[in-house]
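There are 2 protein chains.
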Amino acid sequence: MQQTRLDTARIRAARRVIDPVFLDTPMYRCEALEPGLGCTVSIKLETANPVRSFKARGTELVAGMLAGHASRAVVCASAGNLGQALAWSGRGRGLDVTVVASRFATRAKLDRIRAWGAGLELVDGDHEMARERAAAIARCDGIRLVEDSLDIETCEGAATIGLELVDTEPSFDTVLIALGGGALATGVGHVMKALAPAVEVICVQPLGAPALTHSWRGRRVVTTDSTDTIADGVAGRRPIPAVLDDLLLVADDAVLVQEASIIAGMRMLLDHAGLVVEPSAALGIAAILEDRDRFAGRHVVTIVCGSNVDVDAYHRWVGAAPLHTP
Amino acid sequence: MQQTRLDTARIRAARRVIDPVFLDTPMYRCEALEPGLGCTVSIKLETANPVRSFKARGTELVAGMLAGHASRAVVCASAGNLGQALAWSGRGRGLDVTVVASRFATRAKLDRIRAWGAGLELVDGDHEMARERAAAIARCDGIRLVEDSLDIETCEGAATIGLELVDTEPSFDTVLIALGGGALATGVGHVMKALAPAVEVICVQPLGAPALTHSWRGRRVVTTDSTDTIADGVAGRRPIPAVLDDLLLVADDAVLVQEASIIAGMRMLLDHAGLVVEPSAALGIAAILEDRDRFAGRHVVTIVCGSNVDVDAYHRWVGAAPLHTP
Numbered sequence: 005m006q007q008t009r010l011d012t013a014r015i016r017a018a019r020r021v022i023d024p025v026f027l028d029t030p031m032y033r034c035e036a037l038e039p040g041l042g043c044t045v046s047i048k049l050e051t052a053n054p055v056r057s058f059k060a061r062g063t064e065l066v067a068g069m070l071a072g073h074a075s076r077a078v079v080c081a082s083a084g085n086l087g088q089a090l091a092w093s094g095r096g097r098g099l100d101v102t103v104v105a106s107r108f109a110t111r112a113k114l115d116r117i118r119a120w121g122a123g124l125e126l127v128d129g130d131h132e133m134a135r136e137r138a139a140a141i142a143r144c145d146g147i148r149l150v151e152d153s154l155d156i157e158t159c160e161g162a163a164t165i166g167l168e169l170v171d172t173e174p175s176f177d178t179v180l181i182a183l184g185g186g187a188l189a190t191g192v193g194h195v196m197k198a199l200a201p202a203v204e205v206i207c208v209q210p211l212g213a214p215a216l217t218h219s220w221r222g223r224r225v226v227t228t229d230s231t232d233t234i235a236d237g238v239a240g241r242r243p244i245p246a247v248l249d250d251l252l253l254v255a256d257d258a259v260l261v262q263e264a265s266i267i268a269g270m271r272m273l274l275d276h277a278g279l280v281v282e283p284s285a286a287l288g289i290a291a292i293l294e295d296r297d298r299f300a301g302r303h304v305v306t307i308v309c310g311s312n313v314d315v316d317a318y319h320r321w322v323g324a325a326p327l328h329t330p
Numbered sequence: 005m006q007q008t009r010l011d012t013a014r015i016r017a018a019r020r021v022i023d024p025v026f027l028d029t030p031m032y033r034c035e036a037l038e039p040g041l042g043c044t045v046s047i048k049l050e051t052a053n054p055v056r057s058f059k060a061r062g063t064e065l066v067a068g069m070l071a072g073h074a075s076r077a078v079v080c081a082s083a084g085n086l087g088q089a090l091a092w093s094g095r096g097r098g099l100d101v102t103v104v105a106s107r108f109a110t111r112a113k114l115d116r117i118r119a120w121g122a123g124l125e126l127v128d129g130d131h132e133m134a135r136e137r138a139a140a141i142a143r144c145d146g147i148r149l150v151e152d153s154l155d156i157e158t159c160e161g162a163a164t165i166g167l168e169l170v171d172t173e174p175s176f177d178t179v180l181i182a183l184g185g186g187a188l189a190t191g192v193g194h195v196m197k198a199l200a201p202a203v204e205v206i207c208v209q210p211l212g213a214p215a216l217t218h219s220w221r222g223r224r225v226v227t228t229d230s231t232d233t234i235a236d237g238v239a240g241r242r243p244i245p246a247v248l249d250d251l252l253l254v255a256d257d258a259v260l261v262q263e264a265s266i267i268a269g270m271r272m273l274l275d276h277a278g279l280v281v282e283p284s285a286a287l288g289i290a291a292i293l294e295d296r297d298r299f300a301g302r303h304v305v306t307i308v309c310g311s312n313v314d315v316d317a318y319h320r321w322v323g324a325a326p327l328h329t330p
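Top to bottom, those sequences are chains A and B.
Here the first sequence stands for residues 5 to 330, where the numbers follow our numbering.
Here the second sequence stands for residues 5 to 330, where the numbers follow our numbering.
This is the structure we're talking about:
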């Protein structure tokens, strides 16, 4: 394939930098999901770690590099998972971490960012406004800006998931990847194309936050004015050109799913896999639900990428039906 | 220490027989739980695998041995998790698996036993009656009876969790282990006493199913006439003498907890760790909740041993409060 910005040798080396608590995560077939989905389904579970998402694979690389530098201050914008992960990785290395987030972000995520000891600044707008503010802080204070999906460490950290996938027996046909800024998709996609090119790489984004999918389809950056989705972790409006370039090289498809399918996916993961997940982590199941014929008879891996939810919102989304079951 | 029936070298060898999907499970500190518990808490997560409990570590050993024999039929009594695990391990090796269970067993567990292709026979009584019936089937048909906690494979399979715990950095002070028939407690306890004797081994059982705890305290087998607990996985009435002998050698304490504490533990694991667990898996958290002073300042590991619940019952137990939160 043409070259992405990512490097497979560097991704292998990243495994030696990342705290092992984030590596070699569970990967298992979940047959209880299969009657409802019509295909073989395996779960790659990225929630059973201190920050309950895959994001620390990337922040461990960022923090590992900064720990050797004179300037130990760092800032990022985050919908909540990157911020938690950077706060966790920074705390262990004595970094001064600032996270900028929307004041509308998931409360549980903001609470954990504070609990990990990071400075938290809230902006009165969405994630794109948080990105602008984080960049301004970095410029003013002359400190390191961690930009999710643009910074190669965030992509190559996520890409270590891909290494674990290709080591799996038996092999699989398709991997479904939540598409937000693109770090997870370009990371895992790069490894698949490099080491397991027969595997189909499908990115999944909410219809209510379709900017990067539209960009991928149009082969040029398309922005949107707003987002409307419960999948807070993937609700971006302004794709990054360099990330789109990589995504064009590694993604076989990018699909959009409805909110109702995301909720149905969350409920299936609860009912049949015993997993509480955040909306972004149910995008893969949602994609299967919306196009069963496409996946029929195939072995599909879905990356369950995070479980940071507000419990009351989670119950509103998925709780009603089982509670009224006699 | 005096010799238990278990053998550390055999436990190490067991790792080569058990399907890797059940090994090297996540172990991580869960700081969000700590303000509510007053101690450092790490989770050893045994639910992220095809059968959603630790039981397959043992059934893999049983099935591995049977696969080399002429007789390929096997029967066990089960509250549901052993049966699922034996069905899973047997299916892959062409074994003819029969599971005997109480008709009052958790529906989700019975459904999965059938789904894994095992024969399922229900008895109109509790788990002790299922044990009697399974033994009768084994005698009549001349087939292998797998008796949980008595058969050394069930203990040594569970003991592989202990090997993973002692390999952990940083080390910890106490391990909390759900106590049912005793396989998990004697298995993990054996490894702790052999390889990490400074770690305190505390077994936790429901007040409503206290037979083995009373036996441990009295140093002789004590039975009860009935059980009354939602923790179906540990609701035995007739401890096995040989298992009690081992437990007396490896347990530093055995404590009993109330149903309300088990439910509070389940809710804490949902709210602060994002984990859906079955009641037995919340016994460790329940023990901390009932005796915070004892654990204050210590680093406690709790083994989250299973997540097979009926979703409607689960919501009845833990769902009410978050749903009524504004």
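Ideal placement from N, C-alpha and C gives every residue a C-beta, glycine not left out.
Is DSSP giving residue i helix, strand or coil here?
i: Arg118 (chain B); result: helix
i: Asp177 (chain A); result: coil
i: Val238 (chain B); result: helix
i: Ile289 (chain A); result: helix
i: Lys59 (chain A); result: coil
i: Ala18 (chain A); result: helix
i: Gly123 (chain B); result: strand
i: Ala163 (chain A); result: helix
i: Arg302 (chain B); result: coil
i: Asp128 (chain A); result: coil
i: Ile244 (chain A); result: coil
i: Arg33 (chain B); result: strand
i: Ala138 (chain A); result: helix
In angstroms, rounded to a whole number, what distance separates the CA positions of residue i and residue j?
i: Val383 (chain A); j: Leu211 (chain A); result: An answer regarding residue 383 (chain A) cannot be provided, because it is not within the stretch 5 to 330 covered by chain A.
i: Glu125 (chain A); j: Arg107 (chain A); result: 9 angstroms
i: His328 (chain A); j: Val261 (chain B); result: Its pLDDT being 33, under 50, His328 (chain A) is placed unreliably by the model, and the measurement read from it follows with that caveat. Rounded to whole angstroms, His328 (chain A) to Val261 (chain B) spans 30 angstroms at the Cα level.
i: Phe26 (chain B); j: Arg116 (chain A); result: 30 angstroms
i: Ala285 (chain B); j: Ala182 (chain B); result: 7 angstroms
i: His194 (chain B); j: Leu41 (chain B); result: 27 angstroms
i: Asp275 (chain A); j: Leu199 (chain B); result: 39 angstroms
i: Thr29 (chain B); j: Pro30 (chain A); result: 7 angstroms
i: Ser311 (chain B); j: Leu273 (chain B); result: 11 angstroms
i: Gly240 (chain B); j: Thr172 (chain A); result: 39 angstroms
i: His319 (chain B); j: Ala13 (chain A); result: 47 angstroms
i: Thr51 (chain B); j: Ser57 (chain A); result: 17 angstroms
i: Val21 (chain B); j: Leu169 (chain B); result: 19 angstroms
i: Ile266 (chain B); j: Ile289 (chain B); result: 8 angstroms
i: Asp257 (chain A); j: Val247 (chain A); result: 15 angstroms
i: Gly72 (chain A); j: Ile141 (chain A); result: 22 angstroms
Just to confirm before moving on: does the CB-CB distance between residue i and residue j stay below 8 angstroms?
i: Asp250 (chain B); j: Thr190 (chain B); result: yes
i: Met196 (chain B); j: Val179 (chain B); result: yes
i: Gly84 (chain B); j: Leu114 (chain B); result: yes
i: Arg97 (chain B); j: Ala74 (chain B); result: no
i: Leu10 (chain B); j: Ala163 (chain B); result: yes
i: Ala138 (chain A); j: Cys80 (chain A); result: yes
i: Leu287 (chain A); j: Ala235 (chain A); result: yes
i: Val104 (chain A); j: Val150 (chain A); result: no
i: Arg76 (chain A); j: Leu49 (chain A); result: no
If I measure Cβ to Cβ from residue i and keep anything under 6 angstroms in the same chain, skipping five residues before and after, which residues do I get?
i: Ala89 (chain A); result: Val55, Lys59, Ala60 and Thr63
i: Arg33 (chain A); result: Ser46
i: Cys159 (chain B); result: Leu10, Ala187, Thr190 and Gly191
i: Pro243 (chain B); result: Ala215, Leu216, Ser219 and Val225
i: Gly94 (chain B); result: Ala67 and Val101
i: Ala122 (chain B); result: Ala91, Val101 and Val103
By Cβ distance below 8 angstroms, which residues in the same chain neighbour residue i in space, the five residues on each side in sequence not counted?
i: Asp295 (chain B); result: Val259
i: Val254 (chain A); result: Met5, Thr8, Ala189, Thr190, Gly193, His194, Met196, Lys197 and Val205
i: Val315 (chain A); result: Ala112
Can you list, in chain order, the residues of its chain with a C-beta nearer than 7 angstroms to that of residue i? Leave out the 5 residues immediately preceding and following it.
i: Met270 (chain B); result: Val281, Pro283, Ala286, Trp321 and Val322
i: Pro330 (chain B); result: With a pLDDT of 31 at Pro330 (chain B), under the threshold of 50, the modelled position of that residue is not reliable, and no figure is offered here.
i: Arg223 (chain B); result: Leu252
So is residue i buried or exposed if we call it buried at 16+ other beta carbons inside 10 Å?
i: Cys144 (chain B); result: exposed
i: Met69 (chain A); result: exposed
i: Gly129 (chain B); result: exposed
i: Ala325 (chain B); result: Residue placement at Ala325 (chain B) cannot be trusted, given a pLDDT of 44 that sits under 50; what the coordinates show is reported in the next sentence. Classification of Ala325 (chain B): exposed, given that the 10 Å Cβ count is below 16.
i: Asp232 (chain A); result: exposed
The ligand NAD and residue i: does the residue's C-beta get closer than 7 angstroms to at least one heavy atom of that ligand?
i: Val103 (chain A); result: The ligand NAD is absent from the structure shown, which contains no ligand whatsoever.
What in chain C is Cβ-close to residue i, meaning under 8 angstroms?
i: Asp28 (chain A); result: Looking for chain C here will not work: the only protein chains present are A and B.
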